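*Asks:* This is the structure I have questions about; it appears just below.
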């Protein structure tokens, strides 16, 4: 025994676990190979040599492969040797497992015929025969090449002549192509889709980039669609032919709209009816498809204008699919017969059964065409007809007639309330339609109208009032109350009295017009659970609630009611008041009233106090603070100190009884966004705030939520406390408080007092200065380079130099260096034309007007991606439109009208010219314009040479107007017949030879062409003269 143990120990020391596992694996593989060999031998025995010889002999043409190979016997030996390899290879032998002997024999025969006789000898469709292996067993190109390699090894072992090998491998390669190329009846080929797109001859196809671009779009969309777990099952039952047709029709509808589909005789609603009725196609899933399409369009960077056109066709499809047609209305004969069967005299007083038909059909026609209500009727035709009959019965015979059919209005409508968003606003919208139908019908007696709407009101009550069966039973409440072991339950008088309070309270809530709708959308089960939890909280406090709902968080549970359904402090207090009334009516002792109301107060705090998880995380705030320009962050103590400062401040706000309610209605995402914006404003200054006008953003808080100077100062007092606690330097405190004061004036000051200061800041600064605009430029360049029709303009361009030029240009146009935005100034106009001409036209990359439109769209998309405010985007859009009108004025020939005059061949001269213009643009403009000059700037009127333009505080509306008007004037002068003579006027820096200035400056009666290089923003330069009529029209369109 001892020797054996010693031996075993030595073996363990010599052999590792990995080696043991490898040995086991080798044994298993050897056993598998032996079994496969046995199967192969058995399978090969099934093929009789004489049968093989006979089949091969049929293909033994003179000079053919069989003869050159050595005859039928040699063919037999080759096939046998190859199949032995095949059956023993671990990568491919599983394809032949479980095949019965007759099928195995058939496969070998067919393979032999294909190999030596070619494709013409194969009687079946090779792809169809192998499709199940591809779809179900993983046959792919790689495994096919394993098989091909085994065959090649067999050829070499049997020393097959090279020419014979080549001929047989040609047949194998043909088989490979056939197996792995989809049949025409399975997929629409790129060529077919391109040809179909070309046949449409739609301008949109051209704008998208032609048939090939369309083919890529459709292909990418269907690829996404078929990979979606929620959507792909709409297509799995379709035959290949139907799927092909669907792709063609989809493309036609998407690009050409409903008219192209109607030509085929199709009806979108009928075609999709089965998918709606049986497969669950609804608006939500349709919108998922639309989102996928938008993703594809964005991935392919389709221009916004084209996206809008495509989406208008998608909207038409949505309308066509989900709008019930007139054929889905009950026929006149059916409705007349049904109305005639009703008891009572209301039908007769309305005008008889035919009048009833007119009434109901008009009403449903309105419903079916209402954008908010028609989606409640995505029903099969049979169910929709039944609903019309039942509605007519309820309306004209009352609730009793409906109940006689076994219906329960609340149960019938609960799925619509819970899943589809039916609420009292939607109901009221339908009632308004009913009123309009009655008005259209003319002389309907008032007593009939009164009776109809009495039934309507009864329906509303029944639909939206939870029923007694949705209340918990007395026994259930008593058991739950007893389990609380609460002194309040005992003081009230026991579990029975608790049930009385809970049932009376819910009866009140369920019939309160302001409160019952918070409960009407709940399933009976959820409503019962809420009642138990409420009872636990009221009589057991927060701890009992936590025990009754582990992990429950009152704020999280009520977040959707706060955010989407309007639960606010006023409505909560109404609930509290109802509880107090209920307790008083039940003669609850004072100690019980006090205890319950204490718990109600705790619930109010829990629901309406934002939690610490709603604060921005340290990592996020530190990263955001580190991205700010300027040195205030560093002087404050660095990004981590900024996080400490902001988190302390919001913690105080969230716990302030007067201030926290300004934040409770915000979703977590919006609350986090507000913290970032606040930090940027406070520490980065007003220039970093890009979310719009502060006064507009806070207007609702002022007008509806009670934000006033006292509450603002209360928030400021919290700031001062934190500043003191953190012992900040005096200069830092002063700068922060200055930013606070600017915000206060903007939010609460007299109209225009605060916003003017912000508006006077340059667009460049409001976009975030060099860092943010630099990121924007990088984003634009990346997007442009990815576009097939625009990426070429950067071929061979030094992108670093291009970036510098672009930033210099934008500083000029959007007012960098602390200046106000001056895109209309002559220096900016010159910079705009020369920069674009130099970067693109000067290198032989002629840009058309449509190219400039596409570039403009890319700029706007990039701004939106970076979260720019709508106001800023609008201002940029305006300057882009004006810039385009300057480069390509209406009526000008294709191509930049300035390119020849700028001497594009002399690049060094052009560089100097640009440098001179940009330098001139940076000249400070004298501030302090008179009101008259400001008004002239705003209206585009002439200004005398003694007047100057104020950069610091242009009046509201002046900025956008002056941007476009000056540029439009420049384009007007650029259309002068003598382009060479007027080039200086076109860029707004010269004056005519007759002594009168085209831009309003006399220059002592003389002018020199050399003025072109001197810039146009000197104090002596005045605002250009009035616009030409066509430019006035252009200006209006740009501002719109």
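In UniProt numbering, the protein residues as written are 1 to 1040. For each residue, glycine too, the CB sits at the ideal point set by N, CA and C. Quick caveat: nothing in here was measured; it's all calculated off a predicted structure.
Within 10 angstroms of the Cβ of residue 442, are there 16 or more other Cβ atoms? Answer buried if so, exposed if not.
*Replies:* Classification of residue 442: exposed, given that the 10 Å Cβ count is below 16.
*Asks:* Below 6 Å CB to CB, which residues in the same chain sit around residue 357 once its five sequence neighbours on both sides are set aside?
*Replies:* Closer than 6 Å at Cβ, skipping near neighbours: 332, 335, 336.
*Asks:* Near residue 114, which residues of its chain fall below 7 Å by C-beta distance, leaving aside the five closest residues on each side in sequence?
*Replies:* These residues qualify, in order along the chain: 121, 122, 171, 175.
*Asks:* Between residue 663 and residue 654, is the Cβ-Cβ spacing less than 9 Å?
*Replies:* Contact flag set, yes.
*Asks:* Give, in chain order, every unbroken run of the alpha helix (DSSP H) that is at least 4 residues long and sits entirely within the stretch 697 to 737.
*Replies:* Counting only runs of 4 or more, we get 709 to 726.
*Asks:* Among the residues of its own chain, which have a CB less than 8 Å from the CB of residue 786, if the five just before and after it don't count?
*Replies:* Same-chain partners within the cutoff: 301.
*Asks:* Just to confirm, does residue 333 get its C-beta within under 8 Å of one of the non-hydrogen atoms of the ligand NAP?
*Replies:* Absence of the ligand NAP is noted for the structure shown, with no ligands found whatsoever.
*Asks:* Could you have a look at residue 160 and say whether DSSP puts it in helix, strand or coil?
*Replies:* Coil.
*Asks:* Around the C-beta of residue 108, are 16 or more other C-beta atoms found within 10 angstroms, so that it is buried, or is it exposed?
*Replies:* Residue 108 is buried by the Cβ-count criterion.
*Asks:* Spell out a yes or no on whether the stretch 539 to 546 and the stretch 484 to 491 are touching, meaning 3 or more CB-CB pairs, one atom from each, closer than 8 Å.
*Replies:* Touching, yes, given that three or more Cβ pairs across the two stretches are closer than 8 Å.
*Asks:* Do the stretch 423 to 438 and the stretch 284 to 303 make contact, defined as three or more Cβ pairs closer than 8 Å?
*Replies:* Result no; under three Cβ-Cβ pairs closer than 8 Å.
*Asks:* Would you tell me roughly how many angstroms separate the C-alpha atoms of residue 769 and residue 684, rounded to the nearest one?
*Replies:* Using only the alpha carbons, I get a separation of about 11 Å.
*Asks:* Within the continuous alpha helix (DSSP H) that includes residue 491, where are the two ends?
*Replies:* Taken as a continuous stretch (DSSP letters only), the alpha helix (DSSP H) holding residue 491 covers 487 to 492.
*Asks:* So does the stretch 486 to 506 actually touch the stretch 555 to 571, counting three or more Cβ pairs closer than 8 Å?
*Replies:* Counting Cβ pairs under 8 Å, fewer than three are found: no touch.
*Asks:* Could you please give the first and the last residue of the uninterrupted alpha helix (DSSP H) stretch that includes residue 639?
*Replies:* Element bounds for residue 639: 639 to 654.
*Asks:* Can you find at least 3 beta carbon pairs, one from the stretch 441 to 456 and one from the stretch 336 to 352, that sit closer than 8 Å?
*Replies:* Touching, yes.
*Asks:* Use the C-beta contact count for residue 782: other C-beta atoms within 10 angstroms, 16 or more gives buried, fewer gives exposed.
*Replies:* With fewer than 16 other Cβ atoms within 10 Å, it is exposed.
*Asks:* Since residue 82 and residue 154 are thought to touch, with beta carbons under 8 Å apart, how far apart are those beta carbons, to the nearest angstrom?
*Replies:* Correct: roughly 4 Å between the Cβ atoms.
*Asks:* On a Cα-Cα basis, can you pick out the residue from 624, 712, 533, 779 that is closest to residue 676?
*Replies:* Comparing Cα positions, the closest option is 624.
*Asks:* Is the CB-CB distance between residue 628 and residue 728 below 9 Å?
*Replies:* No. Outside cutoff.
*Asks:* Taking 8 Å as the threshold, find out whether the stretch 730 to 738 comes into contact with the stretch 699 to 711 through three or more Cβ pairs.
*Replies:* Counting Cβ pairs under 8 Å, fewer than three are found: no touch.
*Asks:* Around the C-beta of residue 936, are 16 or more other C-beta atoms found within 10 angstroms, so that it is buried, or is it exposed?
*Replies:* Confidence in residue 936 is poor, its pLDDT being 28 and thus under 50, which makes the residue's placement too unreliable to answer from.
*Asks:* Going by beta carbon distance, what residues of the same chain come within less than 6 Å of residue 607, once the five residues before and after it are set aside?
*Replies:* Correct list, in chain order: 554, 555, 558.
*Asks:* Considering only their Cβ atoms, is the gap separating residue 373 from residue 429 smaller than 9 Å?
*Replies:* Taking 9 Å as the Cβ cut-off, residue 429 and residue 373 qualify as a contacting pair.
*Asks:* Does the stretch 400 to 414 touch the stretch 457 to 466, meaning 3 or more C-beta pairs lie closer than 8 Å?
*Replies:* Enough Cβ pairs lie closer than 8 Å, so yes.
*Asks:* Can you tell me the Cα-Cα spacing of residue 863 and residue 694, whole angstroms?
*Replies:* Distance between the alpha carbons of residue 863 and residue 694: 20 Å.
*Asks:* Helix, strand or coil: which one does DSSP assign to residue 630?
*Replies:* The answer is coil: DSSP assigns residue 630 none of H, G, I, E or B.
*Asks:* Report the CB separation of residue 234 from residue 275 in whole angstroms; it is logged as a contact under 8 Å.
*Replies:* That pair is a contact at about 6 Å.
*Asks:* Three-state secondary structure (DSSP) at residue 679?
*Replies:* DSSP places residue 679 in helix when its eight states are reduced to three.
*Asks:* Between the C-alpha atoms of residue 69 and residue 131, what's the straight-line distance to the nearest angstrom?
*Replies:* Computed Cα separation, rounded: 32 Å.
*Asks:* Here's a check: name, in chain order, each residue in its chain whose Cβ is nearer than 8 Å to the Cβ of residue 63, leaving out the five neighbours to either side.
*Replies:* Taken in chain order, the list of residues that qualify is empty.
*Asks:* Round the Cβ separation of residue 514 and residue 604 to the nearest angstrom and send it over; I've been treating them as touching at under 8 Å.
*Replies:* The Cβ separation is near 17 Å, so there is no contact.
*Asks:* Does residue 806 pass the burial test, meaning 16 or more other C-beta atoms within 10 Å, or should it be called exposed?
*Replies:* Answer is buried; the Cβ neighbour count reaches 16.
*Asks:* Taking the straight line between their C-alpha atoms, what separation do you get for residue 84 and residue 91?
*Replies:* Going from the Cα of residue 84 to the Cα of residue 91 covers about 14 Å.
*Asks:* What does a CB cutoff of less than 6 Å around residue 389 pick up in its chain, not counting 5 residues either side in sequence?
*Replies:* Same-chain partners within the cutoff: 338.
*Asks:* By how many angstroms is the C-alpha of residue 586 removed from the C-alpha of residue 535?
*Replies:* Distance between the alpha carbons of residue 535 and residue 586 is about 15 Å.
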